[in-house]
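K.L.:
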Amino acid sequence: MEFLTILLPVFGIFAIGFIGQKKIGFDTKTISTMALYLMSPILVFRTFYTTPFTIDYLYLTFYTFALCFSLIAVVYVISYFHGYSTPETCGMILASSFMNNGNYGTPVVLLLFGATGLKSAIVLMVIQQVVMCTVGVYYAAKGSPDGNGIRSALRAVQRMPIVYGGLLGALFQFLHIPFSNSVQEAVNLVADAAIPTVMIVLGMQLANISIKQLAKARISWSLLIKLAISPAIAYMLTLFLPVDEMVKQIMIIMAAMPTAANTTMYALQFNTESDFVSSTTLISTSLSLATLPIIFMIVL
0 MEFLTILLPV
10 FGIFAIGFIG
20 QKKIGFDTKT
30 ISTMALYLMS
40 PILVFRTFYT
50 TPFTIDYLYL
60 TFYTFALCFS
70 LIAVVYVISY
80 FHGYSTPETC
90 GMILASSFMN
100 NGNYGTPVVL
110 LLFGATGLKS
120 AIVLMVIQQV
130 VMCTVGVYYA
140 AKGSPDGNGI
150 RSALRAVQRM
160 PIVYGGLLGA
170 LFQFLHIPFS
180 NSVQEAVNLV
190 ADAAIPTVMI
200 VLGMQLANIS
210 IKQLAKARIS
220 WSLLIKLAIS
230 PAIAYMLTLF
240 LPVDEMVKQI
250 MIIMAAMPTA
260 ANTTMYALQF
270 NTESDFVSST
280 TLISTSLSLA
290 TLPIIFMIVL
């Protein structure tokens, strides 16, 4: 029951965005773009500027890519035996292989582990963003009628400001470039506001999702992969990685997060099973209120 006290405040902030979107009707895309392009890069910059680099960064990168491609392999096996088409397979990959580490996982880790755990969570979030805007966009484009995956993925990476924020923060740390107190305060103000903003945006995005003509079998497989198989694979990967015990716990918890909201935007942009992906996002986010406490009890 105490684990619900961790999740309920998170869902309470989601609810602010959900209710606000239903009652008032904000321009979600504009607010989401602001959070993505203006606020999140500052948060990532601060993390990479203030967190000393260790070999753990390399391990986290290996882990994120290994987990993603393991989940994609599971989807391909299921699709092969069920005879799913290429668009159906790509839709399942979008719904099953990318977790919501940004506006869901990061706040949960902050509540569970405090500022120390948040640093690892943000590093995982940045790496996950790189995976989503390359591998994720590739499969979104591959499943569309006129897919051009590699070129679209490269353009998406070039436009991803979170990556540049991380690189700039790392450069400033490496060159030992100091900040005045006033500049540091300004950075902290924007960085501290980023997480609650993206949480509210997720609530708004969920309010815009509609469940239409559910493909029950495929959605069930996607939910099983995302909420159960993903943390199981993450656990097996952590057995071989020489990282701190707390970092291992964070890796498993982040792997158990529901479907990433960004995959819905990719599916809509490329017209790749958008109803299926959005439905899975909504259902997995709702079910996580029941599945995450189980993961907490096992991991913590």
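Note that numbering that gives the first Met the number 0 has the sequence shown beginning at 0, numbered continuously upward. Just so you know, even glycine gets a beta-carbon here, dropped at the ideal spot from N, CA and C.
1) Relative to the alpha-carbon of residue 17, which residue among 233, 217, 207 has its alpha-carbon at the smallest distance?
2) Check whether the segment 158 to 172 and the segment 116 to 133 touch, using three or more Cβ-Cβ pairs below 8 Å as the test.
3) I'd like the ranges of any beta strand (DSSP E) spanning at least 3 consecutive residues and lying wholly in the segment 231 to 294.
4) Can you pull the DSSP bridge partners for residue 98?
5) How big is the Cα-Cα spacing for residue 185 and residue 178?
6) How is the alpha helix (DSSP H) around residue 58 delimited, first residue to last?
7) Three or more C-beta pairs under 8 Å: does that hold for the segment 72 to 80 against the segment 88 to 100?
8) For the structure I just gave you, are there three or more beta carbon pairs, one from the segment 225 to 235 and one from the segment 271 to 290, closer than 8 Å?
9) Spatial neighbours of residue 66 within its chain, please: C-beta separation below 8 Å, excluding the five flanking residues on both sides.
10) Among 40, 19, 28, 298, whose alpha-carbon lies nearest the alpha-carbon of residue 263?
11) With a cut-off of 8 Å, do at least 3 Cβ pairs link the segment 91 to 111 to the segment 242 to 257?
12) Does the beta-carbon distance from residue 172 to residue 259 come in below 9 Å?
13) Under 7 Å Cβ to Cβ from residue 59, same chain only, skipping five residues before and after it: list those, please.
14) Please tell me whether residue 266 and residue 139 are closer than 9 Å, where the distance is taken between their beta carbons.
15) Please list, in chain order, all residues of the same chain as residue 246 whose beta carbon is under 7 Å from its beta carbon, the five residues on each side excluded.
16) With residue 169 as the anchor, note down where its alpha helix (DSSP H) starts and where it stops.
17) So, is residue 31 buried or exposed, given that buried needs 16 or more other C-beta atoms within 10 angstroms?
18) May I ask whether a heavy atom of the ligand MG can be found less than 8 Å away from the beta carbon of residue 295?
19) Any idea what DSSP makes of residue 116, helix, strand or coil?
20) What do you get for residue 82, buried or exposed, if any count of 16 or more other CB atoms within 10 angstroms of its CB means buried?
21) Around the Cβ of residue 33, are there at least 16 other Cβ atoms within 10 angstroms (buried) or fewer (exposed)?
22) Over the uninterrupted alpha helix (DSSP H) stretch that includes residue 198, give me the two end residues.
23) Quick one: is residue 133 buried, meaning 16 or more other Cβ sit within 10 Å of its Cβ, or exposed?
24) Buried or exposed: residue 300, going by 16 or more other Cβ atoms within 10 Å of its Cβ?
25) Which residues in the same chain as residue 242 place their Cβ atom closer than 7 Å to its Cβ, once the five residues preceding and following it in sequence are excluded?
26) Going by DSSP in three states, residue 216 sits in which element: helix, strand or coil?
27) For the alpha helix (DSSP H) containing residue 138, list its first residue and its last residue.
28) Sort 40, 19, 261 by Cα distance to residue 103 and report the nearest one.
29) From the DSSP output, in three-state form, read off residue 19 for me.
30) Among 39, 86, 169, which has the Cα closest to the Cα of residue 53?
P.N.:
With the given structure in hand:
1) Nearest neighbour of residue 17 by Cα position, chosen from 233, 217, 207, turns out to be 207.
2) yes
3) none
4) 258
5) 10 Å
6) 55 to 81
7) yes
8) yes
9) The beta carbon of residue 66 lies closer than 8 Å to those of 229, 232, 233, 236, 254 in the same chain, with the five residues before and after it left out.
10) 28
11) Touching, yes, given that three or more Cβ pairs across the two stretches are closer than 8 Å.
12) No, they are not a contact pair.
13) Sequence-distant partners of residue 59 (beyond 5 residues in either direction) whose C-beta falls short of 7 Å from its own C-beta, in its chain, are 122, 123, 126.
14) Residue 266 is a Cβ neighbour of residue 139, given a cutoff of 9 Å.
15) 55, 119
16) 160 to 173
17) With 16 or more Cβ atoms within 10 Å of its Cβ, residue 31 is classed as buried.
18) Among the ligands in the structure shown, none appear at all, so the ligand MG cannot be discussed.
19) helix
20) exposed
21) exposed
22) 180 to 206
23) buried
24) Residue 300 cannot be examined here, being either before or after the span of the chain that is shown, 0 to 299.
25) 55, 58
26) helix
27) 136 to 141
28) 261
29) helix
30) 169
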